[in-house]
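**Q**
Residue numbers (the numbering used here): 13 to 527.
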């Protein structure tokens, strides 16, 4: 009988060495981070009765590690088959050859990459549920931990955090510093080392984006720029809008939906954080490590699909924003947040965005300028709802029903209006104030016809005129919200008591200028 090395010649492992001309498209970097201890540990675990699956996030270096395992097995004179993608297991001829190898009793190692792409392939049944006592086939797979895969059929699921370079010391240990400072002298070398530390922190130690950014930005250091200057380039809109940067991001960003709400809880639930760990956003201590991934996930949130709430297209402009918020607000829970303003408002904004992301009929991009563009947060409201709604939203928190609290909210709204507004809003844009009220059984009533303006002083006539015009034209509106019921001004528009209030007086409308 022909050996597996002969009849399986087309599957034989061919090691990838040297500098890869297709980087970054193939995901293999300009140099390899050696992981000898990890390679030996995995090979020591694996045997015909103990298959091993390497689980990790995208861009962590799973393919490179599998390549190193194959090279080590070749050094040990083993026969190794390699499937670069589990989709290749679907061919009937492949299934027959694997079954033949199992029956032969010959020693063979089979490496399967991208297991999530074909996790129900029948060939996995032969490899992972094999009951043939004569089988001498050992299977080692690699796949993305956060996506469905055949990993649960493997005996050992190897999920090392050490695939990521989680400390600055690991840059030196694995030769990253030495490689990227090659050709740098004097101050350029010091600046390159500082830049590498920043990139490692920013990407959370994910090897692929770390190497990609270091390779891309090294030229700037060699031109004489400082690490601070290059960091500003990395943070710039133009750089992040480059096609090559977007392609790099697409290789590492999770493809499955990520609910960011567990990140906002003061006490993070370990079960709720598992998804973040699998995707490489957080470490085992539930600490955020990849700010690049968090940033991308926040900016990429899109509303899509279908919802039973909206039977048709959402209304445009002001009406659309009202419908959207009336749907989202009743389902929010504010009890985890005790502080007022600052980071708490940011958390509420982001939680609202996540809730709105569940409204599945629109094609709206939702983002929080304070999180996405912190440098300009003081010049515009907390959120901007793009596309058909095209409106700004400002979040305000109050914890009392006092006159001073009413005045504070009025002052806050007044900052958007007048000859010299504190916040810069583009002309003719609808905007809302989401007023999260934490006390009382009735909402505040904000009356903008009062003769007093900011801090109880007489309102500037021009500013008062601008406020009247904005409210009368429907450009501005407010939502006053408690934990359970949602009010638009003094009118209940959503919540447990909404149907009862609507049936009692369905024609009641709030005063035009009392919001």
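In this text, a Cβ means the ideal position worked out from N, Cα and C, and glycines have one as well. Every value quoted in this text rests on a predicted model; they were computed, and no experiment measured them.
(1) Let me know the beta strand (DSSP E) ranges lying completely inside the segment 73–97, each 3 residues or longer, listed in chain order.
(2) Taking the DSSP output, what are the residues bridged to residue 143?
(3) Let me know if residue 133 comes out buried or exposed under the rule of 16 or more other beta-carbons within 10 Å of its beta-carbon.
(4) Note down the Cα distance separating residue 36 from residue 183, rounded to an integer number of angstroms.
(5) Just how far apart, CA to CA, sit residue 243 and residue 232?
(6) Quick check: the Cα distance between residue 455 and residue 482, rounded to an integer number of angstroms?
(7) Nearest to residue 493 by alpha carbon, out of 476, 487, 473, 451?
(8) Within its chain, find whatever has a CB closer than 6 Å to the CB of residue 217; leave out the 5 residues flanking it on each side and keep chain order.
(9) Rounded to whole angstroms, what is the Cα-Cα separation between residue 447 and residue 474?
(10) Below 8 Å on the Cβ atoms is my contact criterion, and I expect residue 158 with residue 287 to pass it. Report the Cβ-Cβ distance as a whole number of Å.
(11) Three-state secondary structure (DSSP) at residue 293?
(12) On the DSSP bridge list, what partners appear for residue 443?
(13) Alpha carbon to alpha carbon, how far is residue 202 from residue 154? Give it in angstroms, no decimals.
(14) Ends of the alpha helix (DSSP H) at residue 395?
(15) Beta carbon of residue 55, beta carbon of residue 81: below 9 Å?
(16) Span of the alpha helix (DSSP H) holding residue 502?
(17) Could you check where the alpha helix (DSSP H) with residue 168 kicks off and where it finishes?
(18) Quick check: the Cα distance between residue 77 and residue 250, rounded to an integer number of angstroms?
(19) In this structure, what does DSSP give as the bridge partners for residue 59?
(20) Consult DSSP for residue 149 and reduce its assignment to one of helix, strand or coil.
(21) On the three-state DSSP scale, how would you describe residue 154?
(22) Does the distance from the CB of residue 140 to the CB of residue 150 come in under 9 Å?
(23) Take residue 403 as the anchor and find which of 395, 410, 409 has the nearest alpha-carbon.
(24) Tell me the DSSP secondary structure of residue 265 in three-state form.
(25) Can you give the Cα-Cα distance for residue 426 and residue 507, rounded to whole angstroms?
(26) For the beta strand (DSSP E) containing residue 300, name the first residue and the last one.
(27) Thinking C-beta only, is residue 73 closer than 9 Å to residue 171?
(28) Given a cut-off of 9 Å on the beta-carbon distance, is the pair residue 124 and residue 84 in contact?
(29) For residue 119 versus residue 143, is the C-beta spacing smaller than 9 Å?
(30) Hey, quick one: how far does the alpha helix (DSSP H) through residue 188 stretch, first residue to last?
(31) State the Cα-Cα distance for the pair residue 312 and residue 365, rounded to the nearest angstrom.
(32) For residue 300, count the other beta carbons within 10 Å of its own beta carbon; 16 or more makes it buried, fewer makes it exposed. Which is it?
(33) Ends of the beta strand (DSSP E) at residue 123?
(34) Can you give me the start and stop residues for the alpha helix (DSSP H) that residue 181 sits inside?
(35) Buried or exposed: where does residue 189 fall if 16 or more other Cβ atoms within 10 Å of its Cβ makes it buried?
(36) Check whether the Cβ atoms of residue 63 and residue 167 sit closer than 9 Å, and answer yes or no.
**A** Taking the definition as stated:
(1) 92–95
(2) The sequence position of residue 143 within the chain shown is 131, counting from 1. For residue 143, which the question treats as bridged, DSSP gives no partner whatsoever.
(3) Stepping through the chain shown from its first residue, residue 133 is reached at position 121. Buried, because 16 or more other Cβ atoms sit within 10 Å of the Cβ of residue 133.
(4) Here the question's residue 36 lines up with position 24 in the chain shown. Here the question's residue 183 lines up with position 171 in the chain shown. With a pLDDT of only 43 at residue 36, under 50, the local geometry of the prediction cannot be trusted, and no value is derived from it.
(5) Residue 243 sits at position 231 when you count from the first residue of the chain shown. Residue 232 sits at position 220 when you count from the first residue of the chain shown. Between residue 243 and residue 232, the C-alpha separation is close to 10 Å.
(6) Residue numbering aside, residue 455 sits at position 443 when the chain shown is read from its first letter. Residue numbering aside, residue 482 sits at position 470 when the chain shown is read from its first letter. Taking the straight line from one Cα to the other gives about 22 Å.
(7) Within the chain shown, residue 493 is the residue found at index 481, counting from 1. The shortest Cα separation from residue 493 among 476, 487, 473, 451 belongs to 451.
(8) Stepping through the chain shown from its first residue, residue 217 is reached at position 205. Closer than 6 Å at the Cβ level, and outside the excluded window around residue 217, lie 176, 177, 178.
(9) Residue mapping note: residue 447 aligns to position 435 of the chain shown, counting from 1. Residue mapping note: residue 474 aligns to position 462 of the chain shown, counting from 1. C-alpha separation (whole angstroms): 25 Å.
(10) Position 146 of the chain shown holds residue 158. Position 275 of the chain shown holds residue 287. Indeed, because the Cβ distance is near 6 Å, the residues count as touching under 8 Å.
(11) Position 281 of the chain shown, counted from the first residue, corresponds to residue 293. If DSSP states are grouped into helix, strand and coil, residue 293 belongs with coil.
(12) Within the chain shown, the letter at position 431 stands for residue 443. DSSP, once it has assigned bridges, lists 404, 488 as partnering residue 443.
(13) In the chain shown, residue 154 corresponds to position 142, counting from 1. In the chain shown, residue 202 corresponds to position 190, counting from 1. Their Cα atoms are separated by approximately 37 Å.
(14) Working through the chain shown from its first residue, we reach residue 395 at position 383. Careful: residue 395 lies outside any alpha helix (DSSP H), inside the beta strand (DSSP E) at 395–397.
(15) Reading the chain shown from its first residue, position 43 is the one you call residue 55. Reading the chain shown from its first residue, position 69 is the one you call residue 81. In contact: residue 55 and residue 81 (Cβ atoms closer than 9 Å).
(16) In the chain shown, the residue the question calls residue 502 occupies position 490. Counting along the chain, residue 502 falls outside any alpha helix (DSSP H), and DSSP gives it neither H nor E.
(17) Indexing the chain shown from 1 puts residue 168 at position 156. It is not in any alpha helix (DSSP H) - residue 168 instead sits in the beta strand (DSSP E) that spans 168–170.
(18) As a working note, residue 77 is residue 65 in the chain shown. As a working note, residue 250 is residue 238 in the chain shown. Spanning the two alpha carbons is a distance of roughly 34 Å.
(19) By 1-based counting over the chain shown, the position of residue 59 is 47. Partner(s): 62.
(20) Taking the first residue of the chain shown as 1, we reach residue 149 at position 137. Note: residue 149 maps to strand in three-state DSSP.
(21) For the purposes of this step, residue 154 is identified with residue 142 of the chain shown, where counting begins at 1. Residue state, collapsed to three classes: strand.
(22) Along the chain shown, read from residue 1 onward, the residue named residue 140 stands at position 128. Along the chain shown, read from residue 1 onward, the residue named residue 150 stands at position 138. No.
(23) In the chain shown, residue 403 corresponds to position 391, counting from 1. Comparing Cα positions, the closest option is 395.
(24) What you label residue 265 is simply residue 253 of the chain shown in a count that begins at 1. It is coil, neither helix nor strand.
(25) In the chain shown, residue 426 corresponds to position 414, counting from 1. In the chain shown, residue 507 corresponds to position 495, counting from 1. For residue 426 and residue 507, the distance between alpha carbons rounds to 28 Å.
(26) Counting from one through the chain shown, the residue named residue 300 turns up at place 288. That residue, residue 300, is in no beta strand (DSSP E); it is neither H nor E in DSSP.
(27) In the chain shown, the residue the question calls residue 171 occupies position 159. In the chain shown, the residue the question calls residue 73 occupies position 61. The answer is no: Cβ separation not under 9 Å.
(28) Here residue 124 corresponds to residue number 112 of the chain shown, with the count starting at 1. Here residue 84 corresponds to residue number 72 of the chain shown, with the count starting at 1. No, the pair does not count as a contact, with Cβ atoms beyond the cut-off.
(29) Along the chain shown, read from residue 1 onward, the residue named residue 119 stands at position 107. Along the chain shown, read from residue 1 onward, the residue named residue 143 stands at position 131. No, Cβ-Cβ distance for residue 119 and residue 143 is not below 9 Å.
(30) The residue you call residue 188 lines up with position 176 of the chain shown. That run of the alpha helix (DSSP H) goes 188–192.
(31) Counted from its first residue, the chain shown places residue 312 at position 300. Counted from its first residue, the chain shown places residue 365 at position 353. At residue 312, the pLDDT of 48 sits below 50, so the modelled position is not reliable and the matter cannot be decided from this model.
(32) Locating residue 300 in the chain shown gives position 288, counting from the first residue. So residue 300 ends up on the exposed side.
(33) Here residue 123 corresponds to residue number 111 of the chain shown, with the count starting at 1. First-last of the beta strand (DSSP E) with residue 123: 120–124.
(34) The residue given as residue 181 occupies position 169 in the chain shown. Counting along the chain, the alpha helix (DSSP H) containing residue 181 begins and ends at 180–185.
(35) By 1-based counting over the chain shown, the position of residue 189 is 177. The residue is buried, with at least 16 neighbouring Cβ atoms inside 10 Å.
(36) Working through the chain shown from its first residue, we reach residue 63 at position 51. Working through the chain shown from its first residue, we reach residue 167 at position 155. Result yes, Cβ atoms of residue 63 and residue 167 sit closer than 9 Å.
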